[in-house]
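Okay, so the sequence shown: first residue is 15 according to the working numbering, each after it adds one.
Beta carbons: idealized from backbone N, C-alpha and C, even for Gly.
As structure tokens, the structure follows; a few thoughts come after it.
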Amino acid sequence: MRLFSLSKPLMAVLLTVVLAGCQTIGGLFNKDESLPPAELVDFTPTLTVANIWSTNALDGSSRSGPAIDLDFANEKVWSADESGHVIALNAQTGRVDARFDTGLAISAGPRIEGEHILLGTYDGEVVLLNRSNGSVIWKRNVSSEVLAAPIVSDGKVIVRVLDGRVYAFDRDTGRRDWVYDRSVPLLTLRGNSAPVARAGRVYIGFDDGVVVALRSDDGQLIWEQRVTEPEGRTELDRMTDIDGPMVIVGTELYVVSYKGRMASLALESGRLLWVKDISAEQGLSLRRTELAAVDKEDAIWLVDRRNSTTLWRDDRLVRRDITRPVFYNDYLVATDFEGYMHWLDSASGEFVARVRIGSDPALGAPLVVGNTLYVRDTKGRISAWQARL
């Protein structure tokens, strides 16, 4: 389900509708539920996918728009839950090697940076923990919820928050070094794109379809580039959020927006190198010269990043709430709302395997490390999978 954030003026306009019985604001704008999810197609599997381990070590997700994810460091898989637990699992066995109870309302992270753990919270906090014992090194307040994992760039912790501000804190002391402020539209998707950093710059995608490049040391604007022009008469029509992962290869930045376009930008100047009409909210996955995305109707795309050519598009999983597809060797892997994990041949787009991670959907895109794929579901179960190549 796609959820939305509203500014106070638009919230007031919609308040009477909400009081009339809608359970969530997001439900007002969801896909046409008169169209059912696509039925699963029959095919002959040509790949065996095995479950290596599964661990129930976290609480389930109960709030909207979490950016809680999986991370990997030193042969451990890290994750967290909204109840404040942070765990590290042995990547080979799934054994719980570390468990910290932070007492935080965790909304983003964990991001492992050296000996530190970075987190964001629903209460508008950025937190740096000691990775060895989970103790708080520093905790700083920001102006709104954190719905994208913080990153470290040039000795600074940089975080984008829901109201459009970007903060930079000294990694060692927690001192606030700068704030970049950009207004957000009245109506946006509930979520944010995490910053990406390269060579003293940090790149941020915003809810108005604009990407900016800032200097990491002082937050000064280097350039800004609009990827998608808002179009339409209503705020809903004009939504152009950049909410998913952006990727950098060489001297180019790749980005995709909701109800908008996929684009390649020159890192140095922000100049648009190419654009392609694909509307997607979950961002991009990269392998060498290929970009993978799932559009707002849940069709999966594979695109040549060098010239925007469509290599293939598959619409057999439409309206199944597909996660962002990730690369696993010569395959693309995505999960759906019923907990099925779909494996597609990246050369042809044909199905090669289908397994079920459980009865609950994945919380986000799987994480691939070497020949192992890790996935976490909305009930807090983490599992590891391998293809028998």
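Flag this pair as touching only if the segment 140 to 157 and the segment 211 to 224 have three or more C-beta atom pairs under 8 Å; answer yes or no.
no
CA-CA distance, ARG390 and PRO164?
20 Å
For the beta strand (DSSP E) containing ALA306, list its first residue and its last residue.
Start and end: 304 to 308.
For SER322, which residues from the same chain have a beta carbon less than 8 Å from its beta carbon, with the 5 sequence-adjacent residues on both sides left out?
MET276, SER278, TRP288, VAL289 and LYS290
What did DSSP end up calling ASP350 once you bin it into helix, strand or coil?
coil
Give a yes or no on whether the minimum CB-CB distance between LEU267 and chain D is below 8 Å.
You won't find chain D in this structure, because it holds only one protein chain.
Taking the CB atoms as reference points, tell me whether LEU161 and GLY219 lie closer together than 8 Å.
Contact annotation: LEU161 and GLY219 have beta-carbon atoms that are not nearer than 8 Å.
Which one of GLU96, VAL241 and ARG113 has the shortest CA to CA distance from GLY123?
GLU96
Which of the three DSSP states is assigned to VAL383 in this structure?
strand
Is the segment 334 to 352 touching the segment 375 to 382 in the sense that three or more CB pairs, one from each, lie closer than 8 Å?
yes
I think VAL225 touches TYR217, with their Cβ atoms under 8 Å apart; what is that distance to the nearest whole Å?
About 6 Å separates the beta carbons of VAL225 and TYR217, which is inside the 8 Å limit, making them a contact pair.
In or out: SER283 buried (at least 16 other Cβ within 10 Å) or exposed?
So SER283 counts as exposed.
In its own chain, which residues sit with a C-beta less than 7 Å from the C-beta of ALA112, not counting the 5 before and 5 after it?
ILE101 and ALA102
How long is the line joining the alpha carbons of GLY74 and ARG338, rounded to whole angstroms?
20 Å
For the segment 61 to 142, list the beta strand (DSSP E) runs that are entirely contained and at least 3 residues long, ordered along the chain.
Correct list: 62 to 70, 85 to 87, 90 to 94, 99 to 104, 110 to 115, 120 to 127 and 130 to 135.
What number of angstroms, rounded off, separates the C-alpha of LEU200 from the C-alpha of GLU249?
7 Å
Judging by CA-CA distance, which residue of PHE341, LEU403, ASN385 and ARG330 is the nearest neighbour of ASP56?
ARG330
For a minimum of 3 consecutive residues, which ranges assigned as the beta strand (DSSP E) are wholly contained in the segment 202 to 263?
Positions of the beta strand (DSSP E) runs, each at least 3 residues long and wholly inside the segment 202 to 263, are given as 210 to 212, 215 to 219, 224 to 229, 235 to 240 and 261 to 263 in order along the chain.
Between HIS99 and LEU133, is the Cβ-Cβ spacing less than 8 Å?
no
From what residue to what residue does the beta strand (DSSP E) around ILE396 run?
395 to 402
Tell me the DSSP secondary structure of ALA182 in three-state form.
Three-state DSSP puts ALA182 in a strand.
Could you pull out every residue in the same chain whose Cβ sits closer than 6 Å to the Cβ of ILE126, ignoring the five residues on either side in sequence?
ASP85, ALA87 and TRP92
Find the nearest neighbour of GLU53 within the set SER76, VAL193, ARG334 and LEU403, judged by alpha-carbon distance.
ARG334
Could you tell me which of TRP357, ASN343 and ARG285 sits nearest to ILE336, measuring between CA atoms?
Nearest to ILE336 by C-alpha distance, out of TRP357, ASN343 and ARG285, is TRP357.
Check for me: the beta strand (DSSP E) holding LEU279 runs from which residue to which?
Residues 276 to 280.
Looking at C-alpha atoms only, which residue of VAL150, ASP312, ARG189 and ASP251 is the closest neighbour of PRO50?
ASP312
Using the Cα positions of LEU176 and ASP255, report the straight-line distance between them to the nearest angstrom.
12 Å
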